[in-house]
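First comes the structure, then the notes that go with it.
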Amino acid sequence: MKIVRIAIILAITMIIVGIIDSQNTTADRNRHVNTYIDKNSVSYNGKLRVEDEKILNAKGEEIQLTGISSHGIQWFGDLYTKDNIAQLKNELDINIFRVAMYTDPKANGYIADTSLKQKVYELVDASIALDIYVIIDWHILGDNNPQTYQQQAKEFFAEVSAKYADKPNVIYEICNEPNGNNVTWENNIYPYAKDIVATIREKTDALVIVGSGDWSKELGDVSKKPLEEKNIAYALHFYAGSHNKTLRDKIDDFREKKLAVFVSECGATDMTGDGKIYDEAFMRWVDYMHEKNISWLFWSYSNKKEGSSILEPGYVPDFSSGIMDDSLLDSHLSESGKLVKKAIIKYKEKDSDYAEATN
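Going by the numbering used here, 176 is the number at position 194 of the sequence shown; the sequence numbering is gapless.
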């Protein structure tokens, strides 16, 4: 009996020790999780700043952002939700999302429907909650000249820069793609940009992206007369089926003048945004941007029936069950979607995704 009692006592003791060890292990694990943060996150990188041709985080480290642009929020607003952006972050590893707010009234843009501003706020707030960067894009396209609605732009950016003045997540893209034979950097884009940047600077010194002529490809004119303000990067847009090494050489020349490029929109089709996918040409661009540490966003997170959309036509992720829909990784990604997933993940350094928190 004495032996039995000793055995029982030993068994109970081992169980208690096991429970304590388990609790300690869990506590240690929780402390470990709480001690580390994602190096892709805003929490780690903080407010961005431009130094010569480089974009740096708050620690002075060079950073490359990679992400996805929305299509027009006036057309695909139901697709742009916090759940869907979270899925892009979790499944495609993005660390920036671009909110494309068209301005052209003929496209039912902001000038015709100022309520679009509320959708912008919804998506910016969602991105902030998800700890990623977000671009507020004044998406000039069919309206060509940024001066056409300069006063409306000034009022818009005065409001949004005041609202998000203390948020390091927010980047301002003040003119998507100025275009047209009579629209030039010196006569139209430069004076517009100077006015809008000054408006934003009244509230925040956040990063501002400025488009250039020829659908944000004409960097030569910009380099002759760049803006004097700090924390400015210049938009460069490319589509792999139409733009190649010639444009990359122009980027190199531009950056040699200590001016920063930000590829706020790019695609794997030709410049129409539709048709054939030029996967090899696109990956050459990805390799180049990685080598140069140039940030880039893919056009577009959309289920539109066109080659540049990353979702299959008509597909909308369903989160009604409260569970992430993993099918985004499978049959519901378009050819462009599978390519951009490969492109973003290719250079993610999984072994160094985390760094010790500084606070």
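Idealized CB from N, CA, C, for every residue including glycine.
Bear in mind the structure is a predicted one, so any value in this text is a computation, not a measurement.
Output the distance between the C-alpha atoms of residue 315 and residue 192, rounded to the nearest integer angstrom.
-> Roughly 31 Å separates the two Cα atoms.
Are residue 279 and residue 247 close, meaning C-beta to C-beta below 8 Å?
-> Yes, the pair counts as a contact, with Cβ atoms nearer than the cut-off.
Based on the DSSP secondary-structure assignment, which residues constitute the bridge partners of residue 119?
-> Residue 119 is bridged to 82, 155.
C-beta contact flag for residue 195 and residue 228 at 8 Å | Residue 195 is not a Cβ neighbour of residue 228, given a cutoff of 8 Å.
Sub-8 Å separation of residue 276 and residue 318 beta-carbons | Residue 276 is not a Cβ neighbour of residue 318, given a cutoff of 8 Å.
Assign residue 244 to one of three DSSP states: helix, strand, or coil.
-> In the structure shown, residue 244 falls within a strand segment according to DSSP collapsed to helix, strand and coil.
Please determine, among 327, 201, 301, the residue with the shortest C-alpha to C-alpha distance to residue 234.
-> Residue 201 holds the alpha-carbon nearest to the alpha-carbon of residue 234 among 327, 201, 301.
Do you know whose CA, among 57, 61, 50, 22, lies nearest residue 43's CA?
-> The candidate whose alpha carbon is nearest that of residue 43 is 22.
Exposed or buried, residue 285, counting other C-beta atoms within 10 Å across all chains shown (16 or more means buried)?
-> Residue 285 comes out buried.
Going by alpha carbons, who is nearest to residue 91 out of 290, 158, 56?
-> Selection 290, 158, 56 evaluated against residue 91 yields 56 as nearest (Cα-Cα).
Check whether the Cβ atoms of residue 80 and residue 117 sit closer than 8 Å, and answer yes or no.
-> Cβ distance < 8 Å, so residue 80 and residue 117 count as in contact.
Rounded separation between residue 72 and residue 158 - CA only = Spanning the two alpha carbons is a distance of roughly 27 Å.
Is the beta carbon of residue 188 sitting closer than 8 Å to the one on residue 153?
-> Against a cut-off of 8 Å, the Cβ pair of residue 153 and residue 188 comes out as a contact.
Based on Cα-Cα distance, which residue from 142, 119, 170 lies nearest to residue 383?
-> In the structure as shown, the chain starts at -17 and stops at 341, and residue 383 therefore has no counterpart that could be examined.
Which of helix, strand or coil DSSP assigns to residue 218 | Of the three classes helix, strand and coil, the one that applies to residue 218 here is strand, per DSSP.
Using the rule of at least 16 other Cβ atoms within 10 Å of the residue's Cβ for burial, across every protein chain shown, is residue 323 buried or exposed?
-> With a threshold of 16 other beta carbon atoms within 10 Å, residue 323 meets it and is buried.
Roughly how many whole angstroms lie between the Cα atoms of residue 11 and residue 34?
-> With a pLDDT of 38 at residue 11, under the threshold of 50, the predicted position of this residue should be treated as unreliable, and no value is reported.
DSSP state of residue 33 mapped onto helix, strand, coil | Note: residue 33 maps to strand in three-state DSSP.
If you draw a straight line from the alpha carbon of residue 313 to that of residue 239, how long is it in whole angstroms?
-> Their Cα atoms are separated by approximately 45 Å.
Measure the Cβ-Cβ separation of residue 283 and residue 252 and say whether it is below 8 Å.
-> With respect to the 8 Å criterion, residue 283 and residue 252 are not classified as neighbours on the basis of their beta carbons.
Note the first and the last residue of the continuous beta strand (DSSP E) segment covering residue 279.
-> Secondary structure note for residue 279: its beta strand (DSSP E) is the uninterrupted segment 278 to 283.
Take the Cβ of residue 100 as the centre, count every other Cβ of all protein chains shown within 10 Å, and call the residue buried at 16 or more, exposed below.
-> Residue 100 should be labelled exposed.
Alpha carbon to alpha carbon, what distance is there between residue 163 and residue 25?
-> Roughly 43 Å between the two C-alpha positions.
Might you give, ordered along the chain, the residues of its own chain that have their beta carbon closer than 6 Å to the beta carbon of residue 224, omitting 5 neighbours on each side?
-> Close CB contacts of residue 224 within its chain, under the 6 Å cut and outside five residues either way in sequence, are with 252, 253 (chain order).
Just curious, the beta strand (DSSP E) that residue 348 is in, first and last residue?
-> One cannot answer for residue 348 here, as it falls past the ends of the chain, which runs -17 to 341.
For residue 48, the nearest candidate out of 169, 245, 41, 181 (CA to CA) | Of all alpha-carbon atoms in 169, 245, 41, 181, the one lying nearest the alpha-carbon of residue 48 is that of 245.
Could you spell out where the beta strand (DSSP E) holding residue 192 opens and where it closes?
-> For residue 192, the uninterrupted beta strand (DSSP E) run begins and ends at 190 to 192, by DSSP.
Anyone know if the C-beta pair for residue 61 and residue 83 falls short of 8 Å?
-> No, these two residues do not count as a Cβ contact at 8 Å.
Coarse secondary structure for residue 210, derived from DSSP in three states = Residue 210 falls in the coil class under three-state DSSP.
Report yes if the CB atom of residue 172 is closer than 8 Å to the CB atom of residue 129, and no otherwise.
-> The beta carbons of residue 172 and residue 129 sit no closer together than 8 Å.
With residue 138 and residue 182 assumed to form a contact (beta carbons below 8 Å), what rounded beta-carbon distance in angstroms separates them?
-> Rounded, the Cβ-Cβ distance is 10 Å, inconsistent with contact.
Same chain only: Cβ atoms within 7 Å of residue 321, ignoring 5 sequence neighbours per side = Take residue 321, set aside five residues on each side of it, and the residues of its chain with a beta-carbon closer than 7 Å to its own are 250, 259, 261, 264, in chain order.
Environment of residue 213 [buried if 16+ CB atoms lie within 10 Å] = Around the beta carbon of residue 213, 16 or more other beta carbons lie within 10 angstroms, which makes this residue buried.
Taking the CB atoms as reference points, tell me whether residue 217 and residue 205 lie closer together than 8 Å.
-> Cβ distance not < 8 Å, so residue 217 and residue 205 don't count as in contact.
Based on Cα-Cα distance, which residue from 45, 27, 58 lies nearest to residue 297?
-> Nearest of 45, 27, 58 to residue 297, Cα basis: 58.
Just list the beta strand (DSSP E) runs in the region 41 to 100, keeping only unbroken ones of 3 residues or longer that don't cross its boundaries, in chain order.
-> Taking only runs of at least 3 residues, the beta strand (DSSP E) segments lying wholly in the region 41 to 100 are 48 to 52, 78 to 84.
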